[in-house]
Amino acid sequence: MPDKESSKVLVVDDDPQIARALRINLSARGYEVVTAHDGTAALKAVAETRPDVVVLDLGLPDLDGVEVIEGLRGWTQVPIIVLSARDDSTDKVQALDAGADDYVTKPFGMDELLARLRAAVRRSGLSVADADAQVETASFTIDLAAKKVRRDGAEVHLTKTEWRLMELLVRNRGRLVTQKQLLHEVWGPTYDTESHYLRVYVAQLRRKLEPEPSRPRHLLTEPGMGYRFEP
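Note that the sequence shown covers residues 77 to 307 in the numbering used here.
What follows is the structure, encoded as structure tokens:
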């Protein structure tokens, strides 16, 4: 049974049978379940009920699921698990780039979904909860709520992927984040071995943020293991 403080799930699906099945299965395992049947209702429900995780279908009648993800990511880091019949890699990449945490393809196994749900809630428990959290280094400042980085008083433009990588490292500051975890959460589960992506993007972040990119003080490499952010 999930922890009572992290047990509310918002299910967003316009198929009443799937929504009902998820409500029954999740409720039986101790989760509090809220449902929404379109994107507009989903955005309203997140604001009003503050769920601990969102299970989101992409094929909604009013808004595309990716639009819902982008709308949520403007102000909240609630974990989002996409549950969709779309199995094309382009759809998966779009959803993950927009800010989804995981992607499960229909038809799905309930045990797999529950495992991913538990993992998403655990990860969110490690996140910085303070809505206006700022992290300051000697070189730059990261505003996790506003999704902005400033250096020498000026905003530094980061691409969407650069921000997701930076945010994940900052939210785990002082801790090693493995290559596999970074690849999985930033690019998706099919990229777990593409370590060259990390080298390229970390180098870009260092050029933008580190005073001496060749001798980084904040974005540190743990050879053969992963990366660590030190304020």
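All C-beta atoms, glycine included, are put in the ideal place defined by N, C-alpha and C.
Return the chain-ordered list of same chain residues with a C-beta closer than 8 angstroms to the C-beta of GLU270, the five sequence neighbours on each side being excluded. LEU259, TRP263
Residues bridged to ILE145 (per DSSP): ILE145 is not bridged to any residue.
Rounded straight-line distance, which links the Cα of GLY300 to that of ALA207: Legend: pLDDT at ALA207 = 40, less than 50; position of this residue unreliable, value from coordinates given subsequently. If I take the Cα positions, the gap works out to 34 angstroms.
Pairwise C-alpha distance: PRO183 and THR111: In a straight line, the C-alpha of THR111 is about 19 angstroms away from that of PRO183.
Answer yes or no: the CB of THR217 versus the heavy atoms of the ligand SAH, is any distance below 8 angstroms? Within the structure as shown, the ligand SAH is missing, as the structure has no ligands at all.
Go ahead and pull the three-state DSSP assignment for VAL154. coil
Please classify LYS182: does DSSP put it in a helix, a strand, or coil? coil
What is the rounded straight-line gap between the Cα of LEU159 and the Cα of HIS272? A straight-line Cα-Cα distance of about 29 angstroms links LEU159 and HIS272.
Give me the Cβ distance between THR213 and PRO307, rounded to the nearest whole Å; I'm assuming they're in contact under 8 angstroms. 5 angstroms
Cutoff 6 angstroms; reference ILE218; Cβ partners in own chain excluding five residues on either side: VAL211, VAL225, VAL246
Rounded to whole angstroms, what's the CA-CA distance from ARG240 to ILE145? Just pull it up for me. Distance between the alpha carbons of ARG240 and ILE145 is about 14 angstroms.
Alpha carbon to alpha carbon, how far is HIS233 from ILE157? Give it in angstroms, no decimals. 27 angstroms
Out of LEU102, ARG96, GLY175, TYR303, which has the shortest C-alpha to C-alpha gap to THR235? GLY175
By the three-class DSSP mapping on this structure, what secondary structure does GLY300 have? Looking at GLY300 - three-state DSSP - the assignment turns out to be coil, as it is neither helix nor strand.
Output yes if chain C places a C-beta closer than 9 angstroms to the C-beta of PHE216; else output no. The structure shown has no chain C; it contains just one protein chain.
Exposure label - VAL96; buried when at least 16 CB within 10 Å: With the sequence shown as reference, residue 96 is identified as Arg, and Val is not the correct amino acid for it. Counting the other Cβ atoms within 10 Å of the Cβ of ARG96 gives fewer than 16, which makes it exposed.
Which residue wins for smallest C-alpha separation from GLY115, given the options THR266, VAL88, LEU193? VAL88
For GLY250 and TYR277, the rounded distance between their alpha carbons: If you draw a straight line from the Cα of TYR277 to the Cα of GLY250, it comes to about 19 angstroms.
Hey, would you say VAL154 sits closer than 9 angstroms to ARG194, going by beta carbons? no
Member of ARG149, ALA191, ASP177, ASP173 whose CA lies at the smallest distance from the CA of THR237: The residue with the shortest Cα to Cα distance from THR237 is ASP173.
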